[in-house]
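**Q** Residue numbering for the sequence shown follows numbering that gives the first Met the number 0, beginning at 0 and increasing consecutively.
All C-beta atoms in this analysis are idealised placements derived from N, C-alpha and C, irrespective of residue type, glycine included.
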Amino acid sequence: MEDVEVLWYRSGKGRSEQAFDDTYGMRVFENLDQAVADKPDFGIIANPTSLHVKTALCLAKAGIPFLIEKPVSDRLEGLDELRKTVSAKNLPVMIGFQLRQHPGYKQLLHLIRSGQIGDPMSLQGHVGQYLPAWRPDEDYRQSYSASKDMGGGVILDLCHEIDVAISILGQVVQVCCLCDHYSELEIDSEDMADIIMEHQGRRLSHLHLNYLERDYYWVTRVMGTLGTVVWDYGRGYVELTRFDGTTERWSDPDGFDRDCLFRDQLRQWLGVLDGAAQPEANLENGIDVTRVALAAKCSSQERRHVEL
Numbered sequence: 000m001e002d003v004e005v006l007w008y009r010s011g012k013g014r015s016e017q018a019f020d021d022t023y024g025m026r027v028f029e030n031l032d033q034a035v036a037d038k039p040d041f042g043i044i045a046n047p048t049s050l051h052v053k054t055a056l057c058l059a060k061a062g063i064p065f066l067i068e069k070p071v072s073d074r075l076e077g078l079d080e081l082r083k084t085v086s087a088k089n090l091p092v093m094i095g096f097q098l099r100q101h102p103g104y105k106q107l108l109h110l111i112r113s114g115q116i117g118d119p120m121s122l123q124g125h126v127g128q129y130l131p132a133w134r135p136d137e138d139y140r141q142s143y144s145a146s147k148d149m150g151g152g153v154i155l156d157l158c159h160e161i162d163v164a165i166s167i168l169g170q171v172v173q174v175c176c177l178c179d180h181y182s183e184l185e186i187d188s189e190d191m192a193d194i195i196m197e198h199q200g201r202r203l204s205h206l207h208l209n210y211l212e213r214d215y216y217w218v219t220r221v222m223g224t225l226g227t228v229v230w231d232y233g234r235g236y237v238e239l240t241r242f243d244g245t246t247e248r249w250s251d252p253d254g255f256d257r258d259c260l261f262r263d264q265l266r267q268w269l270g271v272l273d274g275a276a277q278p279e280a281n282l283e284n285g286i287d288v289t290r291v292a293l294a295a296k297c298s299s300q301e302r303r304h305v306e307l
C-alpha cells in the first residue's frame with residue numbers, strides 16, 4: 000500500500016511499541032480526540048477489550064468507519080448506543096473474527112451447508128493454548144489476557160469458538176457455564192471454562208477453553224444426522240466421516256500460515272470501504288458473541304442457566 004499514513008493512538012508506551020514507532024515512523028497520539036480530529040479514513044481498534052466501546056463510539060460519532068478486534072466489549076454498557084450511532088451514520092464496521100478467513104473454516108461451513116452431514120445437531124469445540132507462550136516478547140502477567148479488569152480471560156479471549164458455534168448452529172437461547180482461575184498462572188482472569196449452549200431449533204454445543212495446554216490444541220467437531228466433520232486448526236485439516244463409513248480429508252493450502260488470516264481480513268476490509276464487499280463479520284455478529292460470552296460468565300458466577 001503506497002501513500003498511506005498511519006496514525007497510532009494508545010494509552011501506554013512500552014519498549015516494543017517505541018521500537019515500532021522508530022521503525023515505521025508513525026505519528027503517535029496519546030489523546031484519542033486529537034487523533035480523531037485528524038480525520039483518518041478509517042480506524043482499527045486493537046486496544047484492550049475494556050476500551051473497545053469507548054474508542055469505537057468516539058470514531059463512530061466522528062463518522063469514521065472502523066474494524067474492531069474481537070470481542071466487541073467486556074460489558075453490555077454502551078453496545079446499544081454504539082449500534083444506534085453506527086446505524087444512524089450508515090458506517091461500515093467489521094469485527095476482527097479473522098478465523099472466518101481460514102480455509103479450514105470455509106471448508107467446514109461448505110460441507111455443513113451443502114448437506115454433507117445432514118442436519119447439524121451438535122458441536123464440540125476444544126481450544127487450549129498456553130498463555131505464557133502466546134507473546135514471547137511480553138510478560139504474560141502484564142498482558143490484557145491476564146487482567147479481568149481489562150477484559151481478559153479465556154471466554155472473551157477465545158470467543159472465536161463461540162462465533163463458530165453460532166455460525167453453524169444458529170442463535171443461542173440458553174447458556175450454562177463453569178469458569179474460574181484454576182491453575183498456578185499469575186493472573187486474575189479465568190484460565191479455564193466449560194460452556195454448554197442451547198441454540199435455536201434445539202441444537203447443543205459444548206466448548207472447553209483454557210490457557211493451560213502446552214501443546215497447542217484447537218479442534219471443532221460437528222455431528223449431523225448423516226455424519227460428522229472435524230476441523231483440526233492446529234494440524235491443518237478438515238475431515239468428513241459419513242455414517243456409511245466413507246471419509247474424506249482436506250488439508251490447508253501449501254504456504255498457508257496465520258498471517259494469511261490478517262492479510263485476507265485487511266484485504267476484505269478495504270473492499271468493504273470501497274463498497275465492493277460485505278464484512279465477513281458485522282457489528283451485530285460481534286454483539287451476539289459478546290452477549291453469549293457475558294451470559295456464560297454470569298452463569299458461572301450465579302450458578303444458574305442464563306436465557307438469552
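Could I get the ranges of all uninterrupted alpha helix (DSSP H) runs contained in the region 210-290, with 4 residues as the minimum, in chain order?
**A** Whole alpha helix (DSSP H) segments, 4+ residues: 257-273.
**Q** Assuming contact is defined by CB atoms lying nearer than 7 Å, are V52 and L6 in contact in what I supplied?
**A** Position 53 of the sequence shown holds residue 52. Position 7 of the sequence shown holds residue 6. No, the Cβ-Cβ distance between V52 and L6 is not below 7 Å.
**Q** Can you tell me where the alpha helix (DSSP H) holding A55 begins and where it ends?
**A** Here residue 55 corresponds to residue number 56 of the sequence shown, with the count starting at 1. A55 -> alpha helix (DSSP H) spans H51 to K60.
**Q** By alpha-carbon positions, which one of S188, N284 and L75 ends up nearest to D179?
**A** For the purposes of this step, residue 179 is taken as the residue at position 180 of the sequence shown. Closest option to D179, Cα to Cα, is S188.
**Q** Rounding to the nearest angstrom, what Cα-Cα distance links L78 and I286 in this structure?
**A** In the sequence shown, the residue the question calls residue 78 occupies position 79. In the sequence shown, the residue the question calls residue 286 occupies position 287. When rounded, the distance between both Cα atoms is 7 Å.
**Q** With a threshold of 16 other CB atoms inside 10 Å of the CB of F261, please say whether the residue is buried or exposed.
**A** Taking the first residue of the sequence shown as position 1, residue 261 is located at position 262. When all chains shown are included, F261 counts as exposed.
**Q** What does I94 pair with, by DSSP beta-bridge criteria?
**A** As a working mapping, residue 94 is identified with position 95 in the sequence shown. DSSP, once it has assigned bridges, lists I67 as partnering I94.
**Q** Are the Cβ atoms of Y139 and G151 separated by less than 7 Å?
**A** For the purposes of this step, residue 139 is identified with residue 140 of the sequence shown, where counting begins at 1. For the purposes of this step, residue 151 is identified with residue 152 of the sequence shown, where counting begins at 1. Result no, Cβ atoms of Y139 and G151 do not sit closer than 7 Å.
**Q** CA-CA distance, S204 and I195?
**A** Here residue 204 is taken as the residue at index 205 of the sequence shown, counted from 1. Here residue 195 is taken as the residue at index 196 of the sequence shown, counted from 1. About 6 Å.
**Q** Would the region 206-219 and the region 122-129 be scored as touching if the rule is three or more Cβ pairs under 8 Å?
**A** Segments in contact, yes.
**Q** Where does Q300 land, buried or exposed, given buried means 16+ other C-beta within 10 angstroms?
**A** For the purposes of this step, residue 300 is taken as the residue at position 301 of the sequence shown. It is exposed - the Cβ of Q300 has fewer than 16 other Cβ atoms within 10 Å.
**Q** I'd like the span of the beta strand (DSSP E) that includes Y8, first residue to last.
**A** Here residue 8 refers to the residue found at position 9 of the sequence shown. Segment L6 to Y8, the beta strand (DSSP E) holding Y8.
**Q** With DSSP run on the structure shown, which of helix, strand or coil describes Q173?
**A** If you number the sequence shown from 1, residue 173 lands on position 174. In this structure, Q173 counts as strand in the three-state DSSP scheme.
**Q** Give me the Cα-Cα distance between E68 and R26, rounded to the nearest whole angstrom.
**A** Within the sequence shown, numbered from 1, the residue matching residue 68 stands at position 69. Within the sequence shown, numbered from 1, the residue matching residue 26 stands at position 27. Straight-line Cα distance between these residues: approximately 21 Å.
**Q** For the beta strand (DSSP E) that A192 lies in, which residues bound it at each end?
**A** Taking the first residue of the sequence shown as position 1, residue 192 is located at position 193. First-last of the beta strand (DSSP E) with A192: M191 to H198.
**Q** Whether or not the region 86-99 and the region 273-289 are in contact is what I'm after, with contact meaning three or more pairs of Cβ atoms, one per stretch, closer than 8 Å; do they touch?
**A** The region 273-289, when compared against the region 86-99, does touch it at the 8 Å Cβ threshold.
**Q** Is R112 helix, strand or coil when you go by DSSP?
**A** Along the sequence shown, one-based indexing puts residue 112 at 113. If DSSP states are grouped into helix, strand and coil, R112 belongs with the helices.
**Q** On the premise that V237 lies in contact with G103, defined as a C-beta separation below 8 Å, what is that separation, rounded to the nearest angstrom?
**A** Translated into the one-based positions of the sequence shown, residue 103 becomes position 104. Translated into the one-based positions of the sequence shown, residue 237 becomes position 238. Confirmed, Cβ separation roughly 5 Å.
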